[in-house]
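**Student:** Residue 529, in my numbering, is where the sequence shown stops; the numbers in between run on with no holes.
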Amino acid sequence: MKHPAITPRHSLEIDRAQMRERSLTDPLRPLWHITPPWGWLNDPNGLLVHPGPDGQDILHVFYQHNSHAPVHELIEWGHQWSDDLVHWHDLPVALTPGPAGADALGCWSGVIVEDERSDGRRVPTMVYSGHDGGPTQNCCVAVAREGDPLLRSWDKDVANPVIESAPQSVGADLPEMRDHTVWREAGRWYQVMGSGLPGQGKDGAQGGAALCFSSPDLREWTYEGPLAVGDGDVSATGTIWECPDLMRLEGPDGEVDVLTVAAWHQGDTMRSMWMVGQREGTRMTIERTGRMDLGENYFYAPQSLRLPDGRRVVIGWMQPNGTQEQRVAAGWAGSMNIPREVVLAQDGTVRFFPIREIDSLHLGEPVRLEGEEVDGAQLSGRSLDLRIAGVLGEAPIELDLLASQDGSCATRITLSRRQAKGMSGQEAWTGWLSVDRSSAADADSPWRGEDTRLLQGPVPLGSDGVVEMRVLLDRSSLEVFVDGQPLSVRVGADPSHDQVRVRAVGLEHATLRAWQMSEAYTSGRLEA
2 MKHPAITPRH
12 SLEIDRAQMR
22 ERSLTDPLRP
32 LWHITPPWGW
42 LNDPNGLLVH
52 PGPDGQDILH
62 VFYQHNSHAP
72 VHELIEWGHQ
82 WSDDLVHWHD
92 LPVALTPGPA
102 GADALGCWSG
112 VIVEDERSDG
122 RRVPTMVYSG
132 HDGGPTQNCC
142 VAVAREGDPL
152 LRSWDKDVAN
162 PVIESAPQSV
172 GADLPEMRDH
182 TVWREAGRWY
192 QVMGSGLPGQ
202 GKDGAQGGAA
212 LCFSSPDLRE
222 WTYEGPLAVG
232 DGDVSATGTI
242 WECPDLMRLE
252 GPDGEVDVLT
262 VAAWHQGDTM
272 RSMWMVGQRE
282 GTRMTIERTG
292 RMDLGENYFY
302 APQSLRLPDG
312 RRVVIGWMQP
322 NGTQEQRVAA
332 GWAGSMNIPR
342 EVVLAQDGTV
352 RFFPIREIDS
362 LHLGEPVRLE
372 GEEVDGAQLS
382 GRSLDLRIAG
392 VLGEAPIELD
402 LLASQDGSCA
412 TRITLSRRQA
422 KGMSGQEAWT
432 GWLSVDRSSA
442 ADADSPWRGE
452 DTRLLQGPVP
462 LGSDGVVEMR
472 VLLDRSSLEV
482 FVDGQPLSVR
492 VGADPSHDQV
502 RVRAVGLEHA
512 TLRAWQMSEA
522 YTSGRLEA
C-alpha cells in the first residue's frame with residue numbers, strides 16, 4: 002500500500018530533564034502505581050510474562066506513551082518490567098511512530114503474543130494499531146530482536162499494515178476499527194479488533210462491535226465477521242468498543258468466556274464493561290453484562306493475562322484529572338490502576354480483587370481498631386491501605402479522606418444498604434457505594450481537578466449485610482473495593498490535607514486495619 006505523505010509533528014515538546022524533575026517532585030504523583038517517568042501514559046499494552054536476563058520470568062507492561070509532553074498525541078509504546086507485579090523498573094521507549102508508513106500518526110494500542118516458530122523458538126510479537134491518515138486505524142506487527150531478554154528492541158514488519166483500514170478489510174464503511182486481542186486455537190491465530198456497527202444495536206442504534214479475523218501466521222488475515230455486537234446503550238455498552246480483551250474463567254458451573262471492552266461514544270471514553278457468555282469459534286453469545294469499575298473512565302482500556310500460577314490478572318488505565326496547564330506543570334499525566342485478580346463469583350458476576358502482592362508494600366505494623374473504636378476513628382496519611390469489615394446496619398459507613406484539619410475539604414466515601422433493583426447480576430446487589438469529590442479542594446485551589454462529579458453504583462453485600470471494604474489511597478489515586486466490586490477515581494486535593502475520619506455508627510462487629518505504604522520505584526526512575 003502506498004501511504005500518504007505525512008510529516009507528524011508534536012504540538013507541544015518540553016525538555017525531558019525538566020519534565021522528569023517535575024514528575025519526581027510532584028506531590029500528587031502516585032508512589033506505588035505504574036506511572037510514566039515523565040510525559041503522558043494511557044492504555045496498558047502487551048502484558049507479557051517472559052524470561053529475563055537471568056532466565057527467571059518477569060512481567061512486561063508496555064503502555065501508550067508520549068515522551069515529548071504530558072498530552073495525548075503521536076503515541077509511542079512506553080515500557081516497564083517487574084519481577085513481583087509491585088516494584089517496577091523503567092525501560093526506554095520500545096516503539097515509535099513512522100516517520101512514514103502505516104503507523105506515522107501513532108503506534109496505538111495492542112498486545113504481545115509469543116509466535117512459536119518451526120525451530121521451537123517462541124518469538125514475542127506485537128500486534129498493534131497504526132494510523133496513516135486513512136479512514137480508520139489499521140493492524141501492524143513488530144517482532145522482538147533476538148538476544149535481548151529485556152525486550153527493548155523491536156523490528157516492524159515490512160508488510161505493515163497486515164490488515165488495512167476498515168473499508169478494505171470488512172467491506173463496510175465502519176466509523177472506527179482499532180485495538181486488539183489475539184489468541185491461538187486449533188493451529189490458527191485469531192484476533193478481535195474493536196469497532197462499531199451502524200444500525201446493528203437496539204432499535205437501529207449503532208452497536209459496539211468486536212470484529213474477528215483469523216490467520217495462519219499473524220500476517221495474512223481473513224475477516225470472520227463480528228464475534229459479538231452490543232445494543233448501543235450509551236449508558237452502558239456504548240456505540241464503539243475499544244480495547245477488547247477475551248478470557249476464560251472457571252465458574253460454579255464450569256468455564257465461561259468473558260469479553261471485556263472499553264465503551265466509547267462520540268469521542269468520549271465512558272467505562273469498561275465485562276460480558277459473560279459462550280463462544281463457539283468466531284461467534285460469542287452474550288448472556289449478562291456488568292461494569293468492571295464504578296469509577297467510569299477512571300478504569301479504562303483494561304488488558305489481562307494469565308500468570309504462571311494460574312491467576313488471571315487485569316490492569317487498567319486511570320485517566321488524569323486536570324487541565325493541560327496542570328499536567329504540564331506536573332510533568333506527567335496518567336497512571337495504571339493496581340493490578341487486579343479476576344474471579345467469577347457464585348452469582349455469575351465478574352469480581353476484581355487487588356493482587357495479594359501489594360501487601361509487600363505495607364510499612365510496619367498497622368493501626369488496629371475493634372468494635373466501638375472504629376466509629377469516630379481519626380488517622381492520617383496520603384498513602385494508605387485501609388480495610389473495614391463488619392455487619393452493615395441501616396446507618397451508612399462514611400470515610401472522609403484527604404481532609405483538611407478543619408474538615409472544610411475532604412473526599413467522602415459512603416457505603417450504605419439499598420433495595421435490590423433486579424433478580425440477577427449487579428442489579429441484585431444490596432449495597433450502594435459512592436465517592437463525592439465536590440469538596441476535595443477549595444474552588445480556587447491550584448490542586449483542584451477539573452472533574453468533581455459524583456461516582457456511585459451497586460456493590461455486593463454478604464448475607465445479613467456482612468461487608469468487607471478496602472480503600473487504596475495513593476496521593477491522587479483512590480481505589481475502593483467492596484467484595485470485589487471496585488470504584489476508582491482521581492482526586493485533586495491539597496497535598497497538605499492528609500486527615501482520615503471514619504463514621505461507622507451502624508457497623509456491628511466492626512474492625513479496621515490501616516497500613517502506610519512504601520514506594521514501588523525503589524531503584525529510581527529512567528534518566529532523561
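All residues carry an ideal CB built from backbone N, CA and C; glycine is no exception.
Determine, using beta-carbon pairs with one atom in the region 505-524 and one in the region 366-379, whether at least three such pairs fall under 8 Å.
**Tutor:** Taking 8 Å as the limit for Cβ pairs, the verdict is that the region 366-379 does touch the region 505-524.
**Student:** In angstroms, rounded to a whole number, what distance separates the CA positions of leucine 473 and proline 37?
**Tutor:** Straight-line Cα distance between these residues: approximately 20 Å.
**Student:** Quick check: the region 491-499 against the region 306-326, are there 3 or more CB pairs under 8 Å?
**Tutor:** These segments touch.
**Student:** When you compare the CB positions of arginine 189 and proline 217, do they come within less than 8 Å of one another, or not?
**Tutor:** Cβ distance < 8 Å, so arginine 189 and proline 217 count as in contact.
**Student:** Report the three-state DSSP secondary structure of threonine 26 (helix, strand or coil).
**Tutor:** In this structure, threonine 26 counts as helix in the three-state DSSP scheme.
**Student:** Which residues bound the alpha helix (DSSP H) around valine 72?
**Tutor:** It is not in any alpha helix (DSSP H) - valine 72 carries neither H nor E in the DSSP assignment.
**Student:** Alpha carbon to alpha carbon, how far is glycine 134 from alanine 101? Give it in angstroms, no decimals.
**Tutor:** Each residue's Cα considered, the two are about 11 Å apart.
**Student:** Should tryptophan 82 and asparagine 46 be called a contact, given that it needs their Cβ atoms to be closer than 8 Å?
**Tutor:** No, Cβ-Cβ distance for tryptophan 82 and asparagine 46 is not below 8 Å.
**Student:** Once the 5 residues before and after proline 31 are set aside, which same chain residues still bring their CB inside 8 Å of it?
**Tutor:** Answer for proline 31: Ser336, Asp475, Arg476, Ser477, Ser478, listed in chain order.
**Student:** Confirm, please, whether the CB-CB distance from serine 405 to glutamine 500 is below 8 Å.
**Tutor:** Yes; because the gap between Cβ atoms is below 8 Å, this pair is in contact.
**Student:** Return the chain-ordered list of same chain residues with a C-beta closer than 6 Å to the C-beta of leucine 13, the five sequence neighbours on each side being excluded.
**Tutor:** Correct list, in chain order: Ala70, Val72.
**Student:** For the alpha helix (DSSP H) that contains valine 472, what are its first and last residues?
**Tutor:** Taken as a continuous stretch (DSSP letters only), valine 472 belongs to no alpha helix (DSSP H), being part of the beta strand (DSSP E) at 467-475.
**Student:** With tryptophan 518 and leucine 364 assumed to form a contact (beta carbons below 8 Å), what rounded beta-carbon distance in angstroms separates them?
**Tutor:** The amino acid occupying residue 518 in the given sequence is methionine; tryptophan does not appear at that position. About 6 Å separates the two Cβ atoms, so the contact holds.
**Student:** Can you give, in chain order, each stretch of the beta strand (DSSP E) that sits fully within the region 272-355 and has at least 3 residues?
**Tutor:** Runs found: 284-292, 301-307, 313-319, 341-345, 351-355.
**Student:** Thinking just about the alpha-carbon of each residue, which of His510, Gly382, Arg352, Ser381 is nearest to the one in glycine 394?
**Tutor:** Looking at the Cα atoms, His510 is the closest of the given residues.
**Student:** Candidates Arg272, Gly323, Ser381: which alpha carbon is nearest glutamine 457's?
**Tutor:** Among Arg272, Gly323, Ser381, the Cα nearest to that of glutamine 457 belongs to Arg272.
**Student:** Per the DSSP calculation, isoleucine 414 is bridged to which residue(s)?
**Tutor:** The partner list for isoleucine 414 (beta bridge, DSSP) reads Leu400, Val436.
**Student:** Under DSSP, the beta strand (DSSP E) around proline 367 begins and ends at which residues?
**Tutor:** Element bounds for proline 367: 363-371.
**Student:** Can you name the residues that DSSP bridges to tyrosine 191?
**Tutor:** Looking at the DSSP assignment, tyrosine 191 forms a beta bridge with Trp184, Ser215.
**Student:** Please report how far the alpha carbon of arginine 23 lies from the alpha carbon of glutamate 281, in whole angstroms.
**Tutor:** Arginine 23 and glutamate 281: Cα-Cα distance of roughly 51 Å.
**Student:** Which term fits proline 93, buried or exposed, when burial requires 16 or more other beta carbons within 10 angstroms of its beta carbon?
**Tutor:** When all chains shown are included, proline 93 counts as exposed.
**Student:** Based on the DSSP output, what are the partners of glutamate 117 in its beta bridges?
**Tutor:** DSSP, once it has assigned bridges, lists Arg123 as partnering glutamate 117.
**Student:** What does the Cβ neighbour count give for leucine 455, buried or exposed, with the cut at 16 atoms within 10 Å?
**Tutor:** Leucine 455 comes out exposed.
**Student:** At the level of alpha carbons, what is the spacing between tryptophan 41 and serine 68?
**Tutor:** Tryptophan 41 and serine 68: Cα-Cα distance of roughly 7 Å.
**Student:** So for alanine 167, helix, strand or coil by DSSP?
**Tutor:** Three-state DSSP puts alanine 167 in a helix.
**Student:** For glutamine 57, name the three-state secondary structure that DSSP assigns.
**Tutor:** Reduced to three states, the DSSP call for glutamine 57 is coil.
**Student:** Relative to the alpha-carbon of glutamine 420, which residue among Arg413, Ala429, Val503 has its alpha-carbon at the smallest distance?
**Tutor:** Cα-wise, what sits closest to glutamine 420 is Ala429.
**Student:** Could you work out which residue in His132, Thr283, Arg292, Asp120 is closest to arginine 185 when comparing CA atoms only?
**Tutor:** Among His132, Thr283, Arg292, Asp120, the Cα nearest to that of arginine 185 belongs to Thr283.
**Student:** DSSP on methionine 20, reduced to helix/strand/coil?
**Tutor:** Looking at methionine 20 - three-state DSSP - the assignment turns out to be helix.
**Student:** Counting only the same chain and skipping the five closest in sequence on each side, list residues whose C-beta sits under 7 Å from that of serine 524.
**Tutor:** Result list for serine 524: His90, in chain order.
**Student:** Over what stretch of residues does the beta strand (DSSP E) that includes arginine 504 continue unbroken?
**Tutor:** Segment 500-504, the beta strand (DSSP E) holding arginine 504.
**Student:** So lysine 157 is in the beta strand (DSSP E); what residue range does that whole segment cover?
**Tutor:** From DSSP, the beta strand (DSSP E) with lysine 157 extends over 155-157.
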